[in-house]
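First comes the structure, then the notes that go with it.
There are 2 protein chains.
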Amino acid sequence: MAKIYLGIDLGGTEVKLAVVDAYGNILEHASFQNSFNSVPEEVVAEIVRFSRNMKHFSEVSATGVGVAGDIDQQKGVVRFSPNLPRWKNTPLKKLLERELPGIISIDNDANAAAWGAYWLDAKGKVRNLICVTLGTGVGGGIICDGKLYRGATGTAGEIGHIPLNPDGPRCNCGSFGCIERYVGAAHLSSQAKELLKTRKHSKILTLSGGDPDAITPYILARAAESNDTIAINIWKTAGRQLGIVFAGIINFFNPEMIVLAGGVSKAGKLILDPIKETVRERAFEKPASICKIVISKYTQKLGVVGAAFLSR
Amino acid sequence: MAKIYLGIDLGGTEVKLAVVDAYGNILEHASFQNSFNSVPEEVVAEIVRFSRNMKHFSEVSATGVGVAGDIDQQKGVVRFSPNLPRWKNTPLKKLLERELPGIISIDNDANAAAWGAYWLDAKGKVRNLICVTLGTGVGGGIICDGKLYRGATGTAGEIGHIPLNPDGPRCNCGSFGCIERYVGAAHLSSQAKELLKTRKHSKILTLSGGDPDAITPYILARAAESNDTIAINIWKTAGRQLGIVFAGIINFFNPEMIVLAGGVSKAGKLILDPIKETVRERAFEKPASICKIVISKYTQKLGVVGAAFLSR
Numbered sequence: 366m367a368k369i370y371l372g373i374d375l376g377g378t379e380v381k382l383a384v385v386d387a388y389g390n391i392l393e394h395a396s397f398q399n400s401f402n403s404v405p406e407e408v409v410a411e412i413v414r415f416s417r418n419m420k421h422f423s424e425v426s427a428t429g430v431g432v433a434g435d436i437d438q439q440k441g442v443v444r445f446s447p448n449l450p451r452w453k454n455t456p457l458k459k460l461l462e463r464e465l466p467g468i469i470s471i472d473n474d475a476n477a478a479a480w481g482a483y484w485l486d487a488k489g490k491v492r493n494l495i496c497v498t499l500g501t502g503v504g505g506g507i508i509c510d511g512k513l514y515r516g517a518t519g520t521a522g523e524i525g526h527i528p529l530n531p532d533g534p535r536c537n538c539g540s541f542g543c544i545e546r547y548v549g550a551a552h553l554s555s556q557a558k559e560l561l562k563t564r565k566h567s568k569i570l571t572l573s574g575g576d577p578d579a580i581t582p583y584i585l586a587r588a589a590e591s592n593d594t595i596a597i598n599i600w601k602t603a604g605r606q607l608g609i610v611f612a613g614i615i616n617f618f619n620p621e622m623i624v625l626a627g628g629v630s631k632a633g634k635l636i637l638d639p640i641k642e643t644v645r646e647r648a649f650e651k652p653a654s655i656c657k658i659v660i661s662k663y664t665q666k667l668g669v670v671g672a673a674f675l676s677r
Numbered sequence: 366m367a368k369i370y371l372g373i374d375l376g377g378t379e380v381k382l383a384v385v386d387a388y389g390n391i392l393e394h395a396s397f398q399n400s401f402n403s404v405p406e407e408v409v410a411e412i413v414r415f416s417r418n419m420k421h422f423s424e425v426s427a428t429g430v431g432v433a434g435d436i437d438q439q440k441g442v443v444r445f446s447p448n449l450p451r452w453k454n455t456p457l458k459k460l461l462e463r464e465l466p467g468i469i470s471i472d473n474d475a476n477a478a479a480w481g482a483y484w485l486d487a488k489g490k491v492r493n494l495i496c497v498t499l500g501t502g503v504g505g506g507i508i509c510d511g512k513l514y515r516g517a518t519g520t521a522g523e524i525g526h527i528p529l530n531p532d533g534p535r536c537n538c539g540s541f542g543c544i545e546r547y548v549g550a551a552h553l554s555s556q557a558k559e560l561l562k563t564r565k566h567s568k569i570l571t572l573s574g575g576d577p578d579a580i581t582p583y584i585l586a587r588a589a590e591s592n593d594t595i596a597i598n599i600w601k602t603a604g605r606q607l608g609i610v611f612a613g614i615i616n617f618f619n620p621e622m623i624v625l626a627g628g629v630s631k632a633g634k635l636i637l638d639p640i641k642e643t644v645r646e647r648a649f650e651k652p653a654s655i656c657k658i659v660i661s662k663y664t665q666k667l668g669v670v671g672a673a674f675l676s677r
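This is the structure:
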């Protein structure tokens, strides 16, 4: 009988659970709210309750959890999570092992998403893949030789903190000019806000109800689709900036595939076309020509399916 | 009985051969000149002749060759070599298999050097390592999970073509502002030449016999050691520039070790100290703290020993 897995995407605002078959199909799913001050033991109790209520619970052969934070995968410990301050050296694996059947695997959420992209977008058919999560932050995960690559301390894949311009503005991480500082959701919105200071008529403002503080990447994508020049230029610039960093990654890592996921990737061709053009202009010809750059068709599922497959 | 290997470093100006024991000790070695217009069959005949003259030839269990060029490792073919234009789709493995015993492995010279650094500098005791060759060009190789990582088309490790400043000067590769364009040997020398236009008295000029075109990284290192401020600043800047790129590599790849090799790395602390300082300032704390950055103690041997160990 084909195996069935439980995948859990443990984020700062929401916990998603899904029972997944061996092909990555979601058989059933559930979710509940999480909050900044959530207490690990209470969240674990909720996870257990929701899991046990799943129709397929008795068939689950292994469970995986992707957590937004710094994870010790070997020990299954959440070292810390910026958006869940009470989770500090939390032995999540141990807490779950008492309550859930089979092997429990814990990993970083970006790693889980990369593992999901590897199985869903690439169908497990490439050897080396990079997954880039474009959202508030820019995260990533690396599949190397068909395996999730975690690096020496489990922090590999921090693509958002590759420098684009070393003399650029300070980044949250303490460095300067990291790519996240240019294409993170909030930075895209504030670029628009800045550019609108000199131009009052823009589809962006119509869509944000006249409030520059309400501008989101979603609004910027809709405005660009309505031919708003400011919005179009913001996406072109963001794509070009990502393309520059990707060209370096392609020369260095020579992957078969780069998968873009996360909310900002929903801009689709608006961001994908300038990325591809810049990579063609800047990366070595051969590695660039074989590297497929795509937007994930499964953004919503990557986290839970990737988590479910961690024990595969 | 411990195995014995033959390693060959096939460069554009010289071919080095060495018989190497399982610990990386060179038991005997030889070399002969190579030239821009060399013909593959003739070079192969020389390799065979030199190999057969080795005292330990009969004990050799496998042979590895590192070639300066684009290599198909699987087929053992030299696709092309910028400095050996007559080597084009040369089936080097086949040519050697007829004449030399045991398994023959062919790889890129930067990969061979990285493999050498992994066994000699890291003693095979880390999982993930980057080797950066600083010379005329800036090359590199990646050890991932204890294995030589070649990427999808065998071009992985092109560290010299990670962008430092995307708006910077054009690089030979066609892109702009690649790190090689700043810290490659010729660029270091021409920086000095440029700076000397406004200052006629410098230890650099004394050491180069008054000829700005005779400035080399070796001279710049000697001048810096004599407290020449221009030379000191050139090394500080180069170290800072490499440190910026390494910070990105550390965040992305999270290696245990970065080994510097090649002629320019002989500047030692002059370049190593600003690299380390910049990495501390810019990379994530945990991956930066565990990543040892060292200058290879075996620069001269890395190529042949790494090649010899390709079949290990």
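These protein sequences, in sequence, are chains R and U.
FYI, the numbering for the first sequence is 366 to 677, going by our numbering.
FYI, the numbering for the second sequence is 366 to 677, going by our numbering.
By construction, the Cβ of each residue, glycine as well, lies at the ideal position given by its N, Cα and C atoms.
Check                                                                                                                         : Outcome
Cβ contact (3+ pairs, closer than 8 Å) linking the region 644 to 653 of chain U and the region 515 to 522 of chain U          : no
Sufficient close CB pairs (3 or more, under 8 Å) joining the region 451 to 464 of chain R to the region 491 to 500 of chain R : no
Chain-ordered neighbours of Y547/U on chain R, where CB pairs are closer than 7 Å                                             : Within chain R, no residue comes near Y547/U; the closest Cβ sits about 11 Å away, beyond 7 Å.
Segment limits, alpha helix (DSSP H) that includes K562/U                                                                     : Here K562/U belongs to no alpha helix (DSSP H), and DSSP marks it neither H nor E.
Nearest-angstrom beta carbon gap, L382/R and F415/R [assumed within contact, 8 Å]                                             : 5 Å
Residues bridged to R535/R (per DSSP)                                                                                         : F541/R
Option in D638/U, G633/U, V669/U and E650/U with minimal Cα separation from I660/U                                            : G633/U
Other residues of its chain near E411/U: CB distance less than 6 Å, five sequence neighbours each side excluded               : F397
Integer-rounded CB distance, given that K568/R should sit under 8 Å from A596/R                                               : 7 Å
R483/R, buried or exposed, once every other Cβ within 10 Å from all chains shown has been counted against 16                  : Rather than Arg, the amino acid found at residue 483/R in this sequence is Tyr. Y483/R is buried by the Cβ-count criterion.
Option nearest L553/R by Cα separation, candidates L585/R, T428/R and Y388/R                                                  : L585/R
Neighbour list for L529/R in chain U, Cβ cutoff strictly below 9 Å                                                            : P528 and P531
Nonlocal neighbours in the same chain, by C-beta distance under 6 Å from E621/U, ignoring five residues either side           : V491 and N493
Under 9 Å (Cβ pairs) to chain R, residues found in the region 647 to 659 of chain U                                           : R647, A648, F649, E650, K651, P652, S654, I655 and C656
Where the region 461 to 494 of chain R meets chain U: residues whose CB sits under 9 Å from a CB there                        : V491, R492 and N493
Alpha-carbon spacing of V610/U relative to E650/U, whole angstroms                                                            : 16 Å
Collapsed DSSP secondary structure at A427/U in the structure displayed                                                       : strand
Selected residue, minimal CA-CA separation from G466/U, among Y370/U, Y514/U, A478/U and W480/U                               : Correcting the residue type first, residue 466/U is Pro in the shown sequence and not Gly. Of Y370/U, Y514/U, A478/U and W480/U, the residue nearest in Cα terms is Y370/U.
The region 658 to 676 of chain R / the region 467 to 477 of chain R touching (three or more Cβ pairs under 8 Å)               : yes
Member of G376/R, K368/R, S400/R and N402/R whose CA lies at the smallest distance from the CA of I391/R                      : K368/R
Outcome for K641/U when other beta-carbon atoms lying within 10 angstroms are tallied against a minimum of 16                 : buried
Selection from D437/U, I623/U and Y663/U that minimises the alpha carbon distance to K354/U                                   : This structure does not reach residue 354/U, given that chain U is present from 366 up to 677, and the question cannot be answered.
Spatial neighbours of I544/R in its chain, beta-carbon cut-off 8 Å, leaving aside the 5 residues before and after             : V503, I524, G525, H526, I527, P528, L529, Q606, L607 and V610
Alpha-carbon to alpha-carbon, A557/R and L449/R                                                                               : 30 Å
Segments of 4+ residues assigned as alpha helix (DSSP H) that fall wholly inside the region 393 to 428 of chain U             : 405 to 417
Residue environment, V408/U, which counts as buried when at least 16 other CB atoms sit within 10 Å                           : buried
Helix, strand or coil at N473/R [DSSP, three-state]                                                                           : strand
Under 8 Å between C-beta atoms of A612/U and P582/U                                                                           : no
DSSP bridge partner residues for V384/U (one or two, in chain order)                                                          : L371/U and E393/U
Backbone CA spacing between G376/U and F445/R [nearest angstrom]                                                              : 49 Å
Proximity test, Cβ basis, 8 Å: A521/U and chain R                                                                             : yes
Residues that DSSP places opposite L494/R in a beta bridge                                                                    : I508/R and M622/R
Cross-chain neighbours of I524/R in chain U, by beta carbon under 7 Å                                                         : F617
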